[in-house]
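Colleague:
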Amino acid sequence: MKLNLKAFALTTGILWGAAMLLTGLANLIWTGYGVAFLQLMASLYPGYHADGTIVDLVMGVLYALVDGAIAGLVFGWLYNVLVGKRSSA
497 MKLNLKAFAL TTGILWGAAM LLTGLANLIW TGYGVAFLQL MASLYPGYHA DGTIVDLVMG
557 VLYALVDGAI AGLVFGWLYN VLVGKRSSA
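Dropping the structure here:
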């Protein structure tokens with residue numbers, strides 16, 4: 497069974513964006529929550545600084561949506577390639 501690449505990419509993008517959003521919101525409410533995670537993401541996403549501001553949070557969520565969708569697309573494509581080789585053997 498092959499994966500629908502568009503649906504899988506959207507799903508992973510939304511999940512990764514939601515994880516970033518929830519962690520960022522929790523950090524705004526409880527200072528210090530998820531700081532290590534947010535700083536790790538700041539080291540990967542240019543322009544995102546994990547300062548604990550709303551603008552920063554929106555930028556991080558947008559990066560996460562795109563990053564998650566690309567990762568899901570690549571994962572789904574690789575999965576489909578490997579499933580296709582298996583079924584034809």
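Read in my numbering, the sequence shown has 560 at position 64, and its numbers run on one by one without any break.
We treat Cβ as the ideally placed atom computed from N, Cα and C, and that holds for glycine.
Computed from a predicted model, the values in this text were never measured in an experiment.
1) Excluding the 5 residues flanking residue 559 on each side, which residues of the same chain have their C-beta closer than 7 angstroms to its C-beta?
2) Taking the Cβ atom as the reference point for each residue, do residue 499 and residue 575 lie within a distance shorter than 7 angstroms?
3) Mapping the DSSP letters down to three states, classify residue 573 as helix, strand or coil.
4) Please identify the residue among 580, 582, 569, 577 whose C-alpha is closest to the C-alpha of residue 504.
5) Ends of the alpha helix (DSSP H) at residue 523?
6) Quick check on residue 519: buried or exposed, where buried means 16 or more other Cβ atoms within 10 Å of its Cβ?
7) Which word fits residue 546, buried or exposed, when buried means at least 16 other C-beta atoms lie within 10 angstroms of its C-beta?
8) Starting from the C-beta of residue 556, find all residues in its chain whose C-beta is less than 7 angstroms away, skip the five residues before and the five after it, and write them out in chain order.
Modeller: So, from the listed chains and residues:
1) Residue 559 sits at position 63 when you count from the first residue of the sequence shown. For residue 559, where only same-chain residues beyond five positions count, the Cβ hits under 7 angstroms are 541, 544.
2) As a first step, residue 499 must be located in the sequence shown, where it is residue number 3. As a first step, residue 575 must be located in the sequence shown, where it is residue number 79. Against a cut-off of 7 angstroms, the Cβ pair of residue 575 and residue 499 comes out as a contact.
3) As a first step, residue 573 is located in the sequence shown; it is residue number 77 there, counting from the start. Reduced to three states, the DSSP call for residue 573 is helix.
4) The sequence position of residue 504 within the sequence shown is 8, counting from 1. Comparing Cα positions, the closest option is 569.
5) Within the sequence shown, residue 523 is the residue found at index 27, counting from 1. Membership of residue 523 in the alpha helix (DSSP H) is indicated by the continuous run 501-525.
6) Position 23 of the sequence shown, counting from 1, holds the residue named residue 519. Residue 519 sits buried, since 16 or more C-beta atoms from the chains shown fall within 10 Å of its C-beta.
7) In the sequence shown, counting from the first residue as 1, residue 546 sits at position 50. Residue 546 comes out buried.
8) Residue 556 sits at position 60 when you count from the first residue of the sequence shown. Result list for residue 556: 516, 520, 537, 541, 544, in chain order.
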